Amino acid sequence: MTVLEDSTAQKTTGQRDHAHHTGTAPAYFSVWDIHAYYGESYIVQGVSFNVHEGEILALLGRNGAGKTSTLRAIARLDDPQITHGEVWLDHQHIHLMKAHEAAIAGIQLVPEDRRIIPGLTVEENIQLAQIVEPIGWSLDRIYELFPRLGERRKQEGVTLSGGEQQMLAIARALSRDIKVLLLDEPYEGLAPVIVDEIEKTLNIIKEQGITTVIVEQNAVRALKLADRAVILDTGTVVFDGTAQEVLENEELRAEYLAI
Ligand SMILES: Nc1ncnc2c1ncn2[C@@H]1O[C@H](COP(=O)(O)OP(=O)(O)O)[C@@H](O)[C@H]1O
Ligand SMILES: [Mg+2]
Numbered sequence: 002m003t004v005l006e007d008s009t010a011q012k013t014t015g016q017r018d019h020a021h022h023t024g025t026a027p028a029y030f031s032v033w034d035i036h037a038y039y040g041e042s043y044i045v046q047g048v049s050f051n052v053h054e055g056e057i058l059a060l061l062g063r064n065g066a067g068k069t070s071t072l073r074a075i076a077r078l079d080d081p082q083i084t085h086g087e088v089w090l091d092h093q094h095i096h097l098m099k100a101h102e103a104a105i106a107g108i109q110l111v112p113e114d115r116r117i118i119p120g121l122t123v124e125e126n127i128q129l130a131q132i133v134e135p136i137g138w139s140l141d142r143i144y145e146l147f148p149r150l151g152e153r154r155k156q157e158g159v160t161l162s163g164g165e166q167q168m169l170a171i172a173r174a175l176s177r178d179i180k181v182l183l184l185d186e187p188y189e190g191l192a193p194v195i196v197d198e199i200e201k202t203l204n205i206i207k208e209q210g211i212t213t214v215i216v217e218q219n220a221v222r223a224l225k226l227a228d229r230a231v232i233l234d235t236g237t238v239v240f241d242g243t244a245q246e247v248l249e250n251e252e253l254r255a256e257y258l259a260i
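Counting with this note's numbering, you get residues 2 to 260 for the letters of the sequence shown.
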């Protein structure tokens with residue numbers, strides 16, 4: 002990180018700067034004007050949104066709109082690199098952190114490929130996520146939420162069905178001390194009944210006060226789950242409003258979501 006780390010000294014008042022720019026105090030989880038690059042490729046071109054604690058935000062847009070890149074930038078992965086902008090979670094300056102620090106601060110990204118570790122059982126996959134403090138949900142609590150994982154806890158993680166692997170990936174995120182769950186296409190390749198099951202667990206996770214940002218190609222399903230929606234197009238925000246507004250706006254859906 003060049004630009005951000007060089008300006009660390011100036012950023013001590015970042016929170017006040019943010020309030021100044023938006024005219025309000027920062028929201029619980031706030032992404033403010035982030036710009037990010039893969040090498041020379043300018044991909045995230047000024048994305049901003051606020052999420053209240055315990056809310057579910059659907060982050061939507063066509064293929065290549067920049068959804069995955071936005072999630073990766075927020076989680077502070079090496080690529081894409083943020084060159085401008087701020088990410089605040091509960092008064093913590095995530096934009097100045099490395100990926101492992103952002104994870105400790107409570108940001109957990111469940112990537113599209115789910116990252117189940119081969120050669121480890123379901124339970125070992127979860128336990129591996131619990132090695133680093135601070136620890137989140139216990140095994141018992143996780144198995145209560147996902148009884149299928151409890152039944153298969155001695156089975157190798159990669160031999161699970163697609164839906165069960167998605168549950169395991171979410172379980173690993175919960176086993177850290179999580180505040181914000183970033184989900185990249187969790188329903189991809191799953192049968193509708195399995196999507197129903199995962200949706201139910203996401204509602205339970207919400208009831209626990211965890212904030213979720215869900216990226217999904219299955220926009221209708223995501224919108225029915227979400228409170229609010231942000232639509233991206235070529236790395237910028239083209240809509241920010243309630244999920245209901247998107248469901249009711251045929252023009253918007255046709256233009257940016259092709260549904
Ligand atoms: N590692 C990368 N290097 C360069 N460009 C990338 C990389 N990953 C994605 N992109 C480009 O960034 C743009 C946004 O991609 P992505 O964030 O994956 O979109 P989405 O998740 O909305 O489909 C696309 O044009 C894609 O080709
Ligand atoms: Mg993507």
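Every residue gets a Cβ at the ideal spot worked out from N, C-alpha and C, and that includes glycine.
Owing to the predicted nature of the structure, the values given are computational and were not obtained by experimental measurement.
Ordered list of beta strand (DSSP E) runs contained in the segment 184-230, each at least 3 residues: Those beta strand (DSSP E) runs which fall completely within the segment 184-230 and span 3+ residues are 212-216.
Helix, strand or coil, according to DSSP, for T256 in the structure here? For this step, residue 256 is matched to residue 255 along the sequence shown. This sequence places Glu at residue 256; Thr is not what is there. DSSP places E256 in helix when its eight states are reduced to three.
In this structure, does DSSP put S49 in helix, strand or coil? Stepping through the sequence shown from its first residue, residue 49 is reached at position 48. Strand at S49.
Am I right that Q218 and E189 are in contact with their C-beta atoms under 8 Å? What's the rounded C-beta distance? Numbered from its first residue, the sequence shown carries residue 218 at position 217. Numbered from its first residue, the sequence shown carries residue 189 at position 188. With a Cβ gap of about 7 Å, Q218 and E189 count as contacting.
Could you give the C-beta distance for E186 and V159, rounded to a whole number, given that I count them as a contact under 8 Å? Taking the sequence shown and counting its residues from 1, the one referred to as residue 186 is at position 185. Taking the sequence shown and counting its residues from 1, the one referred to as residue 159 is at position 158. A Cβ-Cβ distance of about 19 Å is found for the pair E186 and V159, leaving them out of contact under the 8 Å criterion.
Three-way DSSP call (helix, strand, coil) for V247 in this model: Here residue 247 is taken as the residue at index 246 of the sequence shown, counted from 1. Helix, per DSSP.
Only counting the same chain, and skipping five residues up and downstream in sequence, which positions put a Cβ closer than 7 Å to that of A227? Stepping through the sequence shown from its first residue, residue 227 is reached at position 226. Excluding residues up to 5 positions away in sequence, I57, L58, A59, I215 and A244 lie with their Cβ nearer than 7 Å to the Cβ of A227 in the same chain.
What does DSSP give as the partner residues of I232 in its beta bridges? What you label residue 232 is simply residue 231 of the sequence shown in a count that begins at 1. DSSP links I232 through a beta bridge to L61 and F240.
Sort out for me which residues DSSP pairs R177 with in a bridge. Taking the first residue of the sequence shown as position 1, residue 177 is located at position 176. Beta-bridge annotation (DSSP): R177 is paired with I136.
Residue burial classification, I132 (beta-carbon count within 10 angstroms, cutoff 16): Translated into positions along the sequence shown, residue 132 becomes position 131. When all chains shown are included, I132 counts as exposed.
Pairwise C-alpha distance: E252 and I118: Counting from one through the sequence shown, the residue named residue 118 turns up at place 117. Counting from one through the sequence shown, the residue named residue 252 turns up at place 251. A straight-line Cα-Cα distance of about 42 Å links I118 and E252.
So, at 6 Å on beta carbons, what are the nonlocal neighbours of T69 in its own chain, with the 5 sequence-adjacent residues on each side left out? To locate residue 69, count along the sequence shown from 1; it is residue 68. The answer, listed in chain order, is D185.
Would the beta-carbon of L169 fall within 8 Å of that of L150? What you label residue 169 is simply residue 168 of the sequence shown in a count that begins at 1. What you label residue 150 is simply residue 149 of the sequence shown in a count that begins at 1. Taking 8 Å as the Cβ cut-off, L169 and L150 qualify as a contacting pair.
If you check the beta carbons only, do G107 and L90 fall under 8 Å apart? Taking the first residue of the sequence shown as 1, we reach residue 107 at position 106. Taking the first residue of the sequence shown as 1, we reach residue 90 at position 89. With a cutoff of 8 Å on beta-carbon distance, G107 and L90 are scored as near each other.
Whose beta carbon lies closer than 6 Å to any heavy atom of ligand 1, going through the chain in order? Listed along the chain, these residues meet the criterion: Y39, S42, I44, G62, N64, G65, A66, G67, K68, T69, S70 and D80.
With H, G and I counted as helix, E and B as strand and the rest as coil, what does DSSP make of S29? What you label residue 29 is simply residue 28 of the sequence shown in a count that begins at 1. The amino acid at residue 29 is misidentified as Ser; the sequence shows Tyr. If DSSP states are grouped into helix, strand and coil, Y29 belongs with coil.
Would you say T185 touches ligand 2, meaning its beta carbon is less than 7 Å from a heavy atom? For this step, residue 185 is matched to residue 184 along the sequence shown. Rather than Thr, the amino acid found at residue 185 in this sequence is Asp. Distances from the CB of D185 to the heavy atoms of ligand 2 include at least one below 7 Å.
Check whether the segment 96-107 touches the segment 75-84, taking contact to mean three or more Cβ pairs, one atom from each stretch, closer than 8 Å. Yes, they touch.
Suppose the cutoff is 7 Å on Cβ atoms and the five residues either side in sequence are ignored; what does the same chain contact list for L248 look like? Translated into the one-based positions of the sequence shown, residue 248 becomes position 247. Cβ contact annotation for L248 (same chain, cutoff 7 Å, sequence separation greater than five): L224, in chain order.
Give a yes or no on whether the C-beta atoms belonging to Y39 and T212 are separated by under 8 Å. The sequence position of residue 39 within the sequence shown is 38, counting from 1. The sequence position of residue 212 within the sequence shown is 211, counting from 1. No, the Cβ-Cβ distance between Y39 and T212 is not below 8 Å.
Taking DSSP as the reference, what is the three-state secondary structure of L150? For the purposes of this step, residue 150 is identified with residue 149 of the sequence shown, where counting begins at 1. Three-state result, L150: helix.
Which residues bound the beta strand (DSSP E) around T84? As a first step, residue 84 must be located in the sequence shown, where it is residue number 83. That run of the beta strand (DSSP E) goes Q82 to L90.
With Q109 as the anchor, note down where its beta strand (DSSP E) starts and where it stops. For this step, residue 109 is matched to residue 108 along the sequence shown. Going by DSSP, Q109 is part of the beta strand (DSSP E) stretching over I108 to V111.
Would I127 pass as a contact of S176 if the rule is Cβ separation under 8 Å? Along the sequence shown, one-based indexing puts residue 127 at 126. Along the sequence shown, one-based indexing puts residue 176 at 175. Going by C-beta atoms, I127 is nearer than 8 Å to S176.
Under 6 Å Cβ to Cβ from D18, same chain only, skipping five residues before and after it: list those, please. Counted from its first residue, the sequence shown places residue 18 at position 17. Since pLDDT at D18 reaches only 46, below the 50 mark, its modelled position is unreliable, and no value is offered.
Name the DSSP beta bridge partners of Y38, please? Taking the first residue of the sequence shown as position 1, residue 38 is located at position 37. Residue pairing from DSSP places Y38 in a beta bridge opposite Y43 and Q82.
Would you please state the rounded distance, in angstroms, between the beta carbons of G72 and L191? I believe it to be under 8 Å. Here the question's residue 72 lines up with position 71 in the sequence shown. Here the question's residue 191 lines up with position 190 in the sequence shown. Going by the sequence as given, residue 72 is Leu instead of Gly. At roughly 19 Å, the Cβ-Cβ gap does not stay under 8 Å, so L72 and L191 are not in contact.
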